[in-house]
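Residue numbers (the numbering used here), protein chains in the order written: chain H, 1 to 329; chain F, 1 to 329.
Even glycine gets a Cβ: it sits at the ideal position worked out from N, Cα and C.
A short worksheet on the structure shown next.
2 protein chains.
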Amino acid sequence: MGSAEATLSEIVGAAGAHVPRLLGQVEARLRTLAAGHGPVLAEHAGDTIAAGGKRMRPLLVLLAAGPGAANEPDLIASAAAIELIHSATLVHDDVLDGAHLRRGVPTVWSRGGRDLAVATGDLLFSRAFAEVARIGSLEAVRSLSRATSALAEGELLQRQDAWNPAVPIERYLLRCELKTARLFEAACELGAQVARLSDAQVAELGGFGRALGLAFQLLDDVIDVAGEASLTGKHRGTDLLDGTVTLPLILARERDAGLAAIDMRSIATREQADALCERIAQTGALDEARARALAIVAAAKDTLGGLPLQDGQRRALTLVADSVADRRA
Amino acid sequence: MGSAEATLSEIVGAAGAHVPRLLGQVEARLRTLAAGHGPVLAEHAGDTIAAGGKRMRPLLVLLAAGPGAANEPDLIASAAAIELIHSATLVHDDVLDGAHLRRGVPTVWSRGGRDLAVATGDLLFSRAFAEVARIGSLEAVRSLSRATSALAEGELLQRQDAWNPAVPIERYLLRCELKTARLFEAACELGAQVARLSDAQVAELGGFGRALGLAFQLLDDVIDVAGEASLTGKHRGTDLLDGTVTLPLILARERDAGLAAIDMRSIATREQADALCERIAQTGALDEARARALAIVAAAKDTLGGLPLQDGQRRALTLVADSVADRRA
Numbered sequence: 001m002g003s004a005e006a007t008l009s010e011i012v013g014a015a016g017a018h019v020p021r022l023l024g025q026v027e028a029r030l031r032t033l034a035a036g037h038g039p040v041l042a043e044h045a046g047d048t049i050a051a052g053g054k055r056m057r058p059l060l061v062l063l064a065a066g067p068g069a070a071n072e073p074d075l076i077a078s079a080a081a082i083e084l085i086h087s088a089t090l091v092h093d094d095v096l097d098g099a100h101l102r103r104g105v106p107t108v109w110s111r112g113g114r115d116l117a118v119a120t121g122d123l124l125f126s127r128a129f130a131e132v133a134r135i136g137s138l139e140a141v142r143s144l145s146r147a148t149s150a151l152a153e154g155e156l157l158q159r160q161d162a163w164n165p166a167v168p169i170e171r172y173l174l175r176c177e178l179k180t181a182r183l184f185e186a187a188c189e190l191g192a193q194v195a196r197l198s199d200a201q202v203a204e205l206g207g208f209g210r211a212l213g214l215a216f217q218l219l220d221d222v223i224d225v226a227g228e229a230s231l232t233g234k235h236r237g238t239d240l241l242d243g244t245v246t247l248p249l250i251l252a253r254e255r256d257a258g259l260a261a262i263d264m265r266s267i268a269t270r271e272q273a274d275a276l277c278e279r280i281a282q283t284g285a286l287d288e289a290r291a292r293a294l295a296i297v298a299a300a301k302d303t304l305g306g307l308p309l310q311d312g313q314r315r316a317l318t319l320v321a322d323s324v325a326d327r328r329a
Numbered sequence: 001m002g003s004a005e006a007t008l009s010e011i012v013g014a015a016g017a018h019v020p021r022l023l024g025q026v027e028a029r030l031r032t033l034a035a036g037h038g039p040v041l042a043e044h045a046g047d048t049i050a051a052g053g054k055r056m057r058p059l060l061v062l063l064a065a066g067p068g069a070a071n072e073p074d075l076i077a078s079a080a081a082i083e084l085i086h087s088a089t090l091v092h093d094d095v096l097d098g099a100h101l102r103r104g105v106p107t108v109w110s111r112g113g114r115d116l117a118v119a120t121g122d123l124l125f126s127r128a129f130a131e132v133a134r135i136g137s138l139e140a141v142r143s144l145s146r147a148t149s150a151l152a153e154g155e156l157l158q159r160q161d162a163w164n165p166a167v168p169i170e171r172y173l174l175r176c177e178l179k180t181a182r183l184f185e186a187a188c189e190l191g192a193q194v195a196r197l198s199d200a201q202v203a204e205l206g207g208f209g210r211a212l213g214l215a216f217q218l219l220d221d222v223i224d225v226a227g228e229a230s231l232t233g234k235h236r237g238t239d240l241l242d243g244t245v246t247l248p249l250i251l252a253r254e255r256d257a258g259l260a261a262i263d264m265r266s267i268a269t270r271e272q273a274d275a276l277c278e279r280i281a282q283t284g285a286l287d288e289a290r291a292r293a294l295a296i297v298a299a300a301k302d303t304l305g306g307l308p309l310q311d312g313q314r315r316a317l318t319l320v321a322d323s324v325a326d327r328r329a
């Protein structure tokens, strides 16, 4: 998180002081929403929201809107809604994955059981829609419901393809798009909508967000194989252990016939997962996967040139793209 | 389900032939929505929707709107959205309860695992919001998000109060309101909104739905203690086994000190649950709980007199209230 925070000061330098001010208000709004629905939600949802990480998605909402966005309350509500959906997804993902820790903090699932986690996720989900309904924009509701449908479809796809290492790259990319890219897209759409950009510009900024999200997920999957627990807060090879087939494995299997012959279900311990990660890295698959992600980021940055953005705004969005490309944890 | 179906013909007789026609279109819309998101959802969500039961909530949407509702597509979308939320709740509830059967059909959870069930529920949830966003009414989005927030809060409350037989009646009633009554309320609100009734009338019809939902849940809880598996498709005392404290137990504990001393966690087998159900019934608690529910239904029917409804519409809503009061399974 350290390097992303360092970048945040650069982003603010480009985008303007309204960004940290509004991000602060988004945090306050998230805390209010977590606190307003009884002590159980306040505890579990509050912790989930607090552990949410880099606030990449709210940042995209603010940057897509640009510095002159007339309606700050709508912008804050949009950013909070997107982050609530992200938090809901994390809670439900932890149920699915049986994850005990997220960023070193015990998950709702591990503390309260899956019952509580399912209900907490549902509530965060509902509050997100209530939040965009407050804005009074049906377009925002539509963007959000498209993104949440995609999230669930992506989750279904992932479960369907679990333990199947022969899944085609296209299918993997579709899953990344559904699971991650569409919410990044919605973040940019919402920001652009609040700033009252034209439909075409909303779509173009949405496309930028979508590409960024896709790269983000690809790199996330690279990190799961390459990463160290000290940086990521979780063990290496967790995807391998829960049967999630990602790009590094898909590429490595093309390069190493012996590796391709391994039955994923035989990978049952952290040591076995670690050894398989090492073997994947030796094929060069991580470098190729990272190169693909960086190419997507570069193409996304190119699209910014054609948009009628303010200079600082364009620079800030470019820096966000760079921070996605640079992430190591 | 037999008696409710018998009543449906009476309701149609009062409300008019548009009701079964529109209900048929709601079914078609639900099938389309289930089919439009890949084979996995089509299978699991389709079965869930198909097993959904009496369509009480869509019926309330149609009846609250009355026969002259100008915009039938909006009415169908509203009814479908409400039923999608109900279906999503069923899928997530089955995850929480570890239920293997619903209405005699294997649950998504039991067939696909809780991963699939959580994601299927999330998708049904998202599609509901997409469906009301299509209508183009922010009021509808707000009604739906209020109801879904309440649903999740109710679920959290239920988990929080699990295994605590000393829970006060007020707390139990609040849980019923959150878990059940608010979605009935939203059903009536949406129908009244599509019919362009005044805000006051929307609220009054919402109140009718809310009371009906509360009674519905009270009677559901009575049936769980009184019922027979042949009628309900599930075993007696399931609430007792999963630690859900309902009105019959709360009332029975006031009447039978020996029963009050029983540790709920000691009830671990169907036979023990059956014996406790019998003991609860012997205190007269079921009769009192049923009487409370019927009083709520009667009061709800009284409120219909003050609303500017068409005669057939008022008669149909009264019959729905009677069908709630009469339900035995």
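#1: What residue from F:Thr-318, F:Val-320, F:Gln-313 has the CA that sits closest to Pro-67 of chain F's CA?
#2: Which of helix, strand or coil does DSSP assign to Val-13 of chain H?
#3: Contact criterion: CB-CB distance below 9 Å. Does Met-1 of chain H meet it with respect to chain F?
#4: Looking at Val-222 of chain H and Leu-286 of chain H, is the spacing between their C-beta atoms short of 9 Å?
#5: Using the C-alpha atoms, what's the distance from Glu-170 of chain F back to Ser-78 of chain F?
#6: Here's the rule: buried if 16 or more other CB atoms are within 10 angstroms of the residue's CB, otherwise exposed. What is Thr-32 of chain F?
#7: Quick one: does Ser-126 of chain F have its CB under 9 Å from some CB of chain H?
#8: Can you list, in chain order, the residues of its chain whose CB lies under 7 Å from that of Asp-74 of chain H, leaving out five sequence neighbours each side?
#9: If we call anything under 9 Å between Cβ atoms a contact, is Val-118 of chain F one with Leu-190 of chain F?
#10: Could you work out which residue in F:Arg-270, F:Ile-267, F:Ala-192, F:Leu-251 is closest to Ala-281 of chain F when comparing CA atoms only?
#11: Closer than 9 Å, Cβ to Cβ, to anything on chain H: give me those residues from the region 287-303 of chain F, in chain order.
#12: Per the contact definition of three or more C-beta pairs closer than 8 Å, is the region 176-187 of chain H in contact with the region 53-66 of chain H?
#13: Is the CB of Asp-115 of chain H under 9 Å away from at least one CB in chain F?
#14: Give a yes or no on whether 9 Å exceeds the smallest Cβ distance from Leu-144 of chain F to chain H.
#15: Buried or exposed: Asp-220 of chain F, going by 16 or more other Cβ atoms within 10 Å of its Cβ?
#16: Sort H:Gly-154, H:Ala-130, H:Ala-140 by Cα distance to Ser-149 of chain F and report the nearest one.
#17: Pop quiz: Ile-82 of chain H and Ala-211 of chain H are said to be a contact at Cβ under 8 Å. What is the actual Cβ separation, rounded to whole angstroms?
#18: Is there at least one Cβ from chain F nearer than 9 Å to His-86 of chain H's Cβ?
#19: When DSSP labels each residue in this structure, what does Asp-161 of chain H get in the three-state scheme?
#20: Candidates H:Gln-158, H:Ser-126, H:Asp-161, H:Leu-156: which alpha carbon is nearest Leu-144 of chain H's?
#21: So that I know if they touch, is there some Cβ in chain F lying closer than 9 Å to that of Thr-7 of chain H?
#22: Alpha carbon to alpha carbon, how far is Pro-165 of chain H from Leu-8 of chain H? Give it in angstroms, no decimals.
#23: Just curious, the alpha helix (DSSP H) that Arg-236 of chain H is in, first and last residue?
#24: Pick out whichever of H:Gly-13, H:Ser-266, H:Ile-11, H:Val-19 has its Cα sitting closest to the Cα of Trp-163 of chain H.
#25: Using only alpha-carbon positions, find the residue among H:Glu-153, H:Val-61, H:Asp-47, H:Gly-237 that is nearest to His-44 of chain F.
#26: Strictly under 9 Å for the Cβ-Cβ distance: is Leu-151 of chain H near chain F by that measure?
#27: By DSSP, does Ala-195 of chain F sit in helix, in strand, or in coil?
#28: Counting along the chain, where does the alpha helix (DSSP H) carrying Val-137 of chain H start and finish?
#29: Helix, strand or coil for Ala-268 of chain H? Go by DSSP, reduced to three states.
#30: Am I right that Leu-259 of chain H and Arg-279 of chain H are in contact with their C-beta atoms under 8 Å? What's the rounded C-beta distance?
#31: CA-CA distance, Arg-327 of chain H and Val-225 of chain H?
#32: Select from the region 157-177 of chain H all residues with a C-beta closer than 9 Å to any C-beta belonging to chain F, and list them in chain order.
#33: How would you list, in chain order, the residues of chain F whose beta-carbon sits under 8 Å from the beta-carbon of Val-194 of chain H?
#34: Check the C-beta distance from Gly-35 of chain F over to Gly-46 of chain F and give it rounded, since I have them as a contact under 8 Å.
#35: If the cut is a Cβ gap below 7 Å, which residues of chain F does Gly-136 of chain H touch?
So, from the listed chains and residues:
#1: The option with the nearest alpha carbon to Pro-67 of chain F is F:Gln-313.
#2: Checking the sequence, you will find Gly at residue 13 of chain H rather than Val. Of the three classes helix, strand and coil, the one that applies to Gly-13 of chain H here is helix, per DSSP.
#3: Here Met-1 of chain H scores only 41 on pLDDT, less than 50, and its place in the model is too uncertain to base an answer on.
#4: Cβ atoms of Leu-286 of chain H and Val-222 of chain H: closer than 9 Å.
#5: Each residue's Cα considered, the two are about 31 Å apart.
#6: So Thr-32 of chain F ends up on the exposed side.
#7: True, the Cβ-Cβ gap to chain H drops below 9 Å.
#8: For Asp-74 of chain H, where only same-chain residues beyond five positions count, the Cβ hits under 7 Å are Ile-135, Val-194.
#9: Result no, Cβ atoms of Val-118 of chain F and Leu-190 of chain F do not sit closer than 9 Å.
#10: That would be F:Leu-251, whose Cα lies nearest to the Cα of Ala-281 of chain F.
#11: The residues in question: there are none.
#12: At 8 Å Cβ cutoff, the stretches touch.
#13: Yes, Asp-115 of chain H counts as interfacial toward chain F.
#14: Yes, because at least one Cβ of chain H sits closer than 9 Å to the Cβ of Leu-144 of chain F.
#15: In summary, Asp-220 of chain F is buried, with 16 or more beta-carbon neighbours lying within 10 Å of its beta-carbon over all protein chains present.
#16: Distances from the CA of Ser-149 of chain F to each of H:Gly-154, H:Ala-130, H:Ala-140 were compared; the closest alpha carbon is that of H:Ala-130.
#17: Rounded, the Cβ-Cβ distance is 17 Å, inconsistent with contact.
#18: No, because no Cβ of chain F sits closer than 9 Å to the Cβ of His-86 of chain H.
#19: Of the three classes helix, strand and coil, the one that applies to Asp-161 of chain H here is coil, per DSSP.
#20: Nearest option by C-alpha distance: H:Ser-126.
#21: No, because no Cβ of chain F sits closer than 9 Å to the Cβ of Thr-7 of chain H.
#22: For Leu-8 of chain H and Pro-165 of chain H, the distance between alpha carbons rounds to 37 Å.
#23: Per DSSP, Arg-236 of chain H lies in no alpha helix (DSSP H) and is assigned neither H nor E.
#24: Nearest of H:Gly-13, H:Ser-266, H:Ile-11, H:Val-19 to Trp-163 of chain H, Cα basis: H:Ser-266.
#25: The option with the nearest alpha carbon to His-44 of chain F is H:Glu-153.
#26: For Leu-151 of chain H, the answer is yes, since a Cβ of chain F falls inside 9 Å of its Cβ.
#27: DSSP places Ala-195 of chain F in the coil class of the three-state scheme, outside both helix and strand.
#28: Correcting the residue identity first, residue 137 of chain H is Ser in this sequence and not Val. It is not in any alpha helix (DSSP H) - Ser-137 of chain H carries neither H nor E in the DSSP assignment.
#29: Collapsing the DSSP output to three states places Ala-268 of chain H in coil.
#30: Between Leu-259 of chain H and Arg-279 of chain H a beta carbon distance of about 6 Å is seen, short of the 8 Å cut, so the two are scored as contacting.
#31: Approximately 14 Å between the Cα atoms of the pair.
#32: Legend: CB atoms of the region 157-177 of chain H lying less than 9 Å from CB atoms of chain F belong to residues Leu-157, Gln-158, Arg-159, Gln-160, Ala-162.
#33: Going along chain F, no residue has its Cβ under 8 Å from Val-194 of chain H, so there is no contact; the nearest lies around 15 Å.
#34: A quick correction: the sequence has Ala, not Gly, at residue 35 of chain F. Ala-35 of chain F to Gly-46 of chain F, Cβ: 7 Å. Contact.
#35: Listed by position along chain F, the residues whose Cβ is nearer than 7 Å to that of Gly-136 of chain H are Leu-138.
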